[in-house]
Amino acid sequence: MSPVPKFKLNTGAELPAVGLGGWSGVTAEQHAKAVPWMLSALKSGYRHIDTAWGYGTEKYVAEAIKQSGVPREEVWITTKLPWNHPGILTVEQSLDDSLKRLGTDYVDLYLLHWPQVIDWPGEDPAYQGDIKVRESAPTFSETWAAMEEVYVKGKAKNIGVSNFSIQNLEKLLATAKIVPAMNQVEMHPLLAQEELRAYCASKGIVITAYSPTGYSNTLTNPLIVELAGKYKVSAAQIVLAWHLSRGVVVVPKSSNAERQKENLNLPTLEAEDLARISGLDRGQRLCNAVDEKGMVSGWTREQMGW
Ligand SMILES: NC(=O)c1ccc[n+]([C@@H]2O[C@H](COP(=O)([O-])OP(=O)(O)OC[C@H]3O[C@@H](n4cnc5c(N)ncnc54)[C@H](OP(=O)(O)O)[C@@H]3O)[C@@H](O)[C@H]2O)c1
0 MSPVPKFKLN TGAELPAVGL GGWSGVTAEQ HAKAVPWMLS ALKSGYRHID
50 TAWGYGTEKY VAEAIKQSGV PREEVWITTK LPWNHPGILT VEQSLDDSLK
100 RLGTDYVDLY LLHWPQVIDW PGEDPAYQGD IKVRESAPTF SETWAAMEEV
150 YVKGKAKNIG VSNFSIQNLE KLLATAKIVP AMNQVEMHPL LAQEELRAYC
200 ASKGIVITAY SPTGYSNTLT NPLIVELAGK YKVSAAQIVL AWHLSRGVVV
250 VPKSSNAERQ KENLNLPTLE AEDLARISGL DRGQRLCNAV DEKGMVSGWT
300 REQMGW
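At the far end of the sequence shown sits residue 305, using numbering that gives the first Met the number 0, and the numbering has no gaps.
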């Protein structure tokens, strides 16, 4: 087992390669339950938390950090510009609101959560009704230009994107003045996305894997179970170690103190075993899958570049 490594971004900033996922369910009651498990993670040594307006947990991240006694500047905080704000609020207004909830005057990393813009009734992240794309909205390239401004102002120490394919990164890079430091995407052994990983590496963009465990679809896979036995660790530790070997940051979410500790203590896997895990890839999205109409939250598969 090795201590959590730090990965360097194209700004020179370094972040812990294992962070805590900050998604805490869909209801306001579930969001409010995040403080104790975020606190236990901080006590176990987590110094990187991934949150978003859409998770409804920004204020609970602030509360957990306060209760932990860990100085704010020792915790890497990532939050995200929600898909309903472009064209409604400026990027700076949206970020200022996030900063208030987070109780801080900067975030370590600010991500454009999705390339598409969605109509959302009101400002409640727990809204669960139908959503549709807002047609007359800024393009993601225009929104990126506004994200560059909050970076220059120092309110976001690093900026990046999320759910971006190679196709959409190419479009964004055509006008960007600043290359995103990060692309946060769904990634696990069943969705290895080697082409995207290699493309991002060639542009100096680090990837964060969301849904990094691959849920029970991966954790009960016979190869993963076999390797857990070989290395005397859990299935999740095998999968998370595979990500780190590819230079990919992970943000597993666990509300269980023991599993949180597991996810921080990862083995080093032999090259042959890493190759076998990569061989499980079948391009399967588990968290944000394309629906039966070929759509992903209002965009077609082609628009997403999936
Ligand atoms: N950018 C985006 O669009 C986007 C989308 C989705 C997620 N995310 C981010 O990514 C984070 C993680 O994604 P995710 O929650 O979808 O997937 P995940 O972290 O891979 O999986 C979470 C599930 O795995 C369980 N788990 C965690 N550690 C485990 C272990 N060692 N052994 C067995 N089970 C374990 C958790 O249960 P317990 O809590 O009971 O341990 C929970 O049910 C989110 O919290 C969020 O921060 C970003």
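All C-beta atoms in this analysis are idealised placements derived from N, C-alpha and C, irrespective of residue type, glycine included.
Just so you know, these numbers come straight off a predicted model, no measurement behind them.
Inset, instruction - May I ask whether a heavy atom of ligand 1 can be found less than 7 angstroms away from the beta carbon of W75? - result: As a working mapping, residue 75 is identified with position 76 in the sequence shown. Not so, every heavy atom of ligand 1 lies at least 7 angstroms from the Cβ.
Inset, instruction - Return the Cβ separation of S93 and L111 in integer angstroms, given the expectation that the two are a contact with Cβ distance under 8 angstroms. - result: Here residue 93 refers to the residue found at position 94 when the sequence shown is read from its first residue. Here residue 111 refers to the residue found at position 112 when the sequence shown is read from its first residue. At roughly 11 angstroms, the Cβ-Cβ gap does not stay under 8 angstroms, so S93 and L111 are not in contact.
Inset, instruction - Give the DSSP-derived three-state secondary structure of I223 in the structure shown. - result: Looking up residue 223 in the sequence shown gives position 224. Note: I223 maps to helix in three-state DSSP.
Legend entry - Residues of its chain near V34, where Cβ-Cβ distance is below 8 angstroms and the 5 sequence neighbours each way are ignored: If you number the sequence shown from 1, residue 34 lands on position 35. Result list for V34: Y59, E62, A63 and Q66, in chain order.
Inset, instruction - Taking 8 angstroms as the cut-off, decide whether the C-beta atoms of T78 and A51 are in contact. - result: Taking the sequence shown and counting its residues from 1, one reaches residue 78 at position 79. Taking the sequence shown and counting its residues from 1, one reaches residue 51 at position 52. Contact flag set, yes.
Legend entry - Inside the segment 24-51 only - beta strand (DSSP E) runs reaching at least 3 residues: 47-49
Inset, instruction - Kindly indicate which residue of V17, L41, A40 and T56 has the alpha-carbon position closest to the one of E28. - result: On the sequence shown, position 29 is the one that residue 28 refers to. Taking only the C-alpha atoms, the option nearest E28 is T56.
Inset, instruction - Given a cut-off of 8 angstroms, decide if W36 and L215 are closer than it, judged by their beta-carbon atoms. - result: Within the sequence shown, the letter at position 216 stands for residue 215. Within the sequence shown, the letter at position 37 stands for residue 36. The question names Leu, but residue 215 in the sequence shown is Ser. Contact: no.
Inset, instruction - Determine the extent of the beta strand (DSSP E) in which T138 is found, giving its start and end residues. - result: The residue given as residue 138 occupies position 139 in the sequence shown. Premise fails: T138 is in no beta strand (DSSP E) and is neither H nor E.
Inset, instruction - For the alpha helix (DSSP H) holding E269, just list the boundary residues, first then last. - result: In the sequence shown, counting from the first residue as 1, residue 269 sits at position 270. Segment: none, E269 is in no alpha helix (DSSP H) and carries neither H nor E.
Legend entry - Counterpart residues of S1 in DSSP-defined beta bridges: The count along the sequence shown starts at 1 and reaches residue 1 at position 2. Answer is L265, bridged to S1.
Inset, instruction - Could you give the DSSP three-state label for W119: helix, strand or coil? - result: The count along the sequence shown starts at 1 and reaches residue 119 at position 120. In this structure, W119 counts as coil in the three-state DSSP scheme.
Inset, instruction - Tell whether a beta-carbon distance below 8 angstroms holds between L279 and P211. - result: Reading the sequence shown from its first residue, position 280 is the one you call residue 279. Reading the sequence shown from its first residue, position 212 is the one you call residue 211. No, the Cβ-Cβ distance between L279 and P211 is not below 8 angstroms.
Legend entry - Paired residues, beta bridge with N182 - DSSP: Position 183 of the sequence shown, counting from 1, holds the residue named residue 182. N182 is bridged to V160 and I206.
Legend entry - Cβ contact (3+ pairs, closer than 8 angstroms) linking the segment 259-271 and the segment 228-240: yes
Inset, instruction - In the DSSP assignment, find the unbroken alpha helix (DSSP H) run with W75 in it and report its ends. - result: For the purposes of this step, residue 75 is taken as residue 76 along the sequence shown, with counting starting at 1. W75 -> not in any alpha helix (DSSP H); beta strand (DSSP E) instead, spanning W75 to L80.
Inset, instruction - Compute every distance between the C-beta of H47 and the non-hydrogen atoms of ligand 1, then say whether any falls below 7 angstroms. - result: Taking the sequence shown and counting its residues from 1, the one referred to as residue 47 is at position 48. Answer for H47: no, Cβ out of range of ligand 1.
Legend entry - Beta-carbon proximity of V106 to A155, cut-off 8 angstroms: For this step, residue 106 is matched to residue 107 along the sequence shown. For this step, residue 155 is matched to residue 156 along the sequence shown. Yes; because the gap between Cβ atoms is below 8 angstroms, this pair is in contact.
Legend entry - Other residues of its chain near G203: CB distance less than 7 angstroms, five sequence neighbours each side excluded: Counting from one through the sequence shown, the residue named residue 203 turns up at place 204. The residues are N9 and V178.
Inset, instruction - Return the first residue and the last residue of the alpha helix (DSSP H) that Y59 is part of. - result: As a working note, residue 59 is residue 60 in the sequence shown. Note, Y59: alpha helix (DSSP H), E57 to S67.
Inset, instruction - Starting from L14, trace the beta strand (DSSP E) both ways and give me its first and last residue. - result: Here residue 14 is taken as the residue at index 15 of the sequence shown, counted from 1. Run containing L14: E13 to P15, per the beta strand (DSSP E) assignment.
Legend entry - Endpoints, the alpha helix (DSSP H) within which Y54 is located: One-based indexing of the sequence shown puts residue 54 at position 55. Where Y54 is concerned, there is no enclosing alpha helix (DSSP H), given that its DSSP letter is neither H nor E.
Inset, instruction - With a 10 Å radius around its C-beta and 16 neighbouring C-beta atoms as the bar for buried, classify M0 as buried or exposed. - result: For the purposes of this step, residue 0 is taken as the residue at position 1 of the sequence shown. Burial call: exposed.
Legend entry - Rounded distance between the beta-carbons of L273 and G213, thought under 8 angstroms: Along the sequence shown, one-based indexing puts residue 213 at 214. Along the sequence shown, one-based indexing puts residue 273 at 274. Not a contact, Cβ separation roughly 15 angstroms.
Legend entry - I158 and A180 closer than 8 angstroms at C-beta: Reading the sequence shown from its first residue, position 159 is the one you call residue 158. Reading the sequence shown from its first residue, position 181 is the one you call residue 180. Cβ distance < 8 angstroms, so I158 and A180 count as in contact.
Inset, instruction - Could you tell me which residues DSSP pairs with V106 in its beta bridges? - result: Looking up residue 106 in the sequence shown gives position 107. V106 is bridged to A155.
Inset, instruction - Inspect the beta-carbon positions of S135 and T174 and report whether they are closer than 8 angstroms. - result: Numbered from its first residue, the sequence shown carries residue 135 at position 136. Numbered from its first residue, the sequence shown carries residue 174 at position 175. It is not a contact, given that the beta carbons lie outside the stated cut-off.
Inset, instruction - Run the CB neighbour count on P120, radius 10 Å, all protein chains shown included, and call it buried at 16 or more, exposed below. - result: In the sequence shown, counting from the first residue as 1, residue 120 sits at position 121. Flag for P120 reads exposed.
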